[in-house]
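This report refers to the structure that appears directly beneath it.
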Amino acid sequence: MIIPVQADALDLVIVLLLAYALDLLFCEPPSAIHPVVWMGRLIGFFKKNIPKTNRKLYGIFMGLVTILFGALIAYLVLYFMGIESIPSPLRYLVAAYFLKATFAIKCLSGAADEVRVELDAGRLDGARQKLSMYVSRDTSRLDEAHVSSAIIETTSENYVDGILSPLLFYACFGPCGLIAAYVFKATSTLDSMVGYMDERHREVGWFSAKLDDVLNWIPARFSVLFLTAGTLVIGLVYRKVKVPDHKSAFKRGFGEGSGTPSPNSGYPMASIAGALKVKLEKPNTYVLGEGFVYPMSEDIKLTSWIILVASLFAIIVSSFIITAYS
């Protein structure tokens with residue numbers, strides 16, 4: 001059955017802008033009504049029942065079921081959008097709510113601010129504890145420089161899979177953009193929950209990790225352009241401790257972006273390292289911004305501002321992409 005969907009470009013842009021406004025106003029919805037949490041609970045069910053054999057095949061099955069579940073959520077929202085007897089404002093608001101669940105702009109910068117506040121107050125242990133909520137590495141012995149580095153790394157990396165990728169998938173797939181965004185978000189959620197290289201997850205998370213790499217490949221490289229633009233704007237208005245360097249953001253982003261084990265995460269991290277002229281280091285894994293100094297709490301603030309401006313550019317570009325297909 002072909003469902004009625006919002007095919008008009010203006011409708012798609014209105015939904016996008018409403019979703020952006022909802023994100024800035026409310027950050028994340030409660031867990032009980034959060035579609036990504038629903039997908040996470042489904043993945044959690046699968047994780048509790050991982051078999052001892054055929055784990056890679058099980059992981060593929062888990063991934064496909066989760067992706068289909070995410071697509072079904074979006075499908076039902078599009079069906080709702082096509083019911084003309086429902087007032088348009090309500091249809092727009094519902095679609096915007098579900099689109100907003102695929103990206104997190106305000107919460108991403110908020111996480112960085114939580115760590116920065118602890119550092120500014122001289123509470124290193126508190127900063128380590130806050131940081132442990134957002135990174136997988138052991139934070140218990142990190143000094144201030146490496147705490148600052150870690151939160152900058154995860155903030156810049158998450159600009160891609162937490163903001164830019166879902167927006168571009170929504171924009172590039174026209175009337176089915178919401179389905180594309182949910183397929184991406186399901187994949188990203190799978191990767192965050194099972195896409196690890198430890199013994200328990202290596203085989204069962206193989207499919208999720210590889211698919212996540214494929215879906216983020218183009219957005220990760222485009223992220224350098226968006227972050228460079230964000231750096232340029234912040235560099236024009238911020239004149240305190242340091243002035244971010246947009247030329248270095250571009251050069252380092254593309255020059256060092258391939259210097260991490262992940263094929264994608266290095267590009268936004270290297271771009272931010274170049275923008276702030278800081279060294280970002282995950283001990284025994286990678287170093288980005290070689291030759292620069294380690295970051296401080298002021299660099300965390302600048303990272304958040306660059307991300308916020310780069311996110312606005314992502315919204316604007318996505319709107320232009322949508323109208324170009326009309």
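With UniProt numbering applied, the sequence shown covers 1 to 326.
Ideal placement from N, C-alpha and C gives every residue a C-beta, glycine not left out.
query: Taking all protein chains shown into account, do 16 or more other C-beta atoms lie within 10 angstroms of the C-beta of Ser85, making it buried, or fewer, making it exposed?
result: Under the 10 Å beta carbon count, Ser85 is surrounded by fewer than 16 other beta carbons and is classified as exposed.
task: Might you give, ordered along the chain, the residues of its own chain that have their beta carbon closer than 8 Å to the beta carbon of Val243, omitting 5 neighbours on each side?
output: Gly235
message: Just to confirm my understanding: we take Glu114, look at its own chain, exclude 5 residues before and 5 after, and list those with CB closer than 7 Å. What are they?
response: Only Lys130 meet the Cβ criterion.
message: Could you tell me the alpha carbon to alpha carbon distance between Ile152 and Ala171, rounded to whole angstroms?
response: 27 Å
message: Could you check whether Leu211 and Thr187 sit closer than 8 Å to each other, using their CB atoms as the reference points?
response: yes
field: Bridge-paired residues (DSSP) for Tyr286
entry: According to DSSP, residue pairing for Tyr286 in a beta bridge involves Lys282.
task: Measure the beta-carbon distance from Lys279 to Val287 and round it to whole angstroms, keeping in mind my assumption that it falls under 8 Å.
output: 6 Å
- request: Please work out which residues of its chain come closer than 7 Å, Cβ to Cβ, to Cys27, disregarding the five sequence neighbours upstream and downstream, and give them in chain order.
  value: The beta carbon of Cys27 sits closer than 7 Å to those of Lys106, Cys107, Gly110, all from its chain and outside the five residues before and after it, given in chain order.
task: Return the residue from the list Gly122, Pro29, Ala145, Met133 that minimises the CA-CA distance to Val94.
output: Pro29
- prompt: Count the other CB atoms within 10 Å of the CB of Thr323; is the residue buried (16 or more) or exposed (fewer)?
  reply: exposed
field: Alpha-carbon to alpha-carbon, Ala150 and Gly296
entry: In the sequence under discussion, the amino acid at residue 296 is Met, which differs from the Gly named in the question. Spanning the two alpha carbons is a distance of roughly 11 Å.
query: So Ser156 packs on Ile272, CB below 8 Å; how close in whole Å?
result: Contact between Ser156 and Ile272 holds: CB atoms are separated by about 4 Å, below the 8 Å threshold.
message: Relative to the C-alpha of Ala127, which candidate in Asp245, Ile300, Met193, Ile50 has its C-alpha closest?
response: Ile300
message: Would Met39 and Thr189 be called neighbours here (beta carbons separated by less than 8 Å)?
response: Result yes, Cβ atoms of Met39 and Thr189 sit closer than 8 Å.
message: Quick check on DSSP: helix, strand or coil for Val194?
response: helix
field: Buried versus exposed call for Pro89 [16 or more other C-beta atoms within 10 Å across all chains shown]
entry: It counts as exposed.
query: Taking Cβ to Cβ, would you say Val160 is nearer than 8 Å to Ala220?
result: yes
message: Whether or not the stretch 197–204 and the stretch 134–151 are in contact is what I'm after, with contact meaning three or more pairs of Cβ atoms, one per stretch, closer than 8 Å; do they touch?
response: Touching, no.
Beta-carbon proximity list for His146, same chain, < 6 Å, skipping 5 on both sides: none
- prompt: From Val15, Thr303, Ser192, Phe207, pick the residue whose C-alpha is nearest to that of Tyr134; which is it?
  reply: Per the Cα distances, Ser192.
- request: List the endpoints of the continuous alpha helix (DSSP H) containing His146.
  value: For His146, the uninterrupted alpha helix (DSSP H) segment begins and ends at 144–159.
message: Quick check on the burial criterion: 16 or more other C-beta atoms within 10 angstroms. Buried or exposed for Tyr20?
response: buried
- prompt: When we look at the beta-carbon of Glu281 and count the other beta-carbons within 10 Å, is it buried (16 or more) or exposed?
  reply: buried
field: Whole-angstrom C-beta distance between Pro263 and Asp213, which should lie under 8 Å
entry: 5 Å
- prompt: Helix, strand or coil for Val37 per DSSP?
  reply: helix
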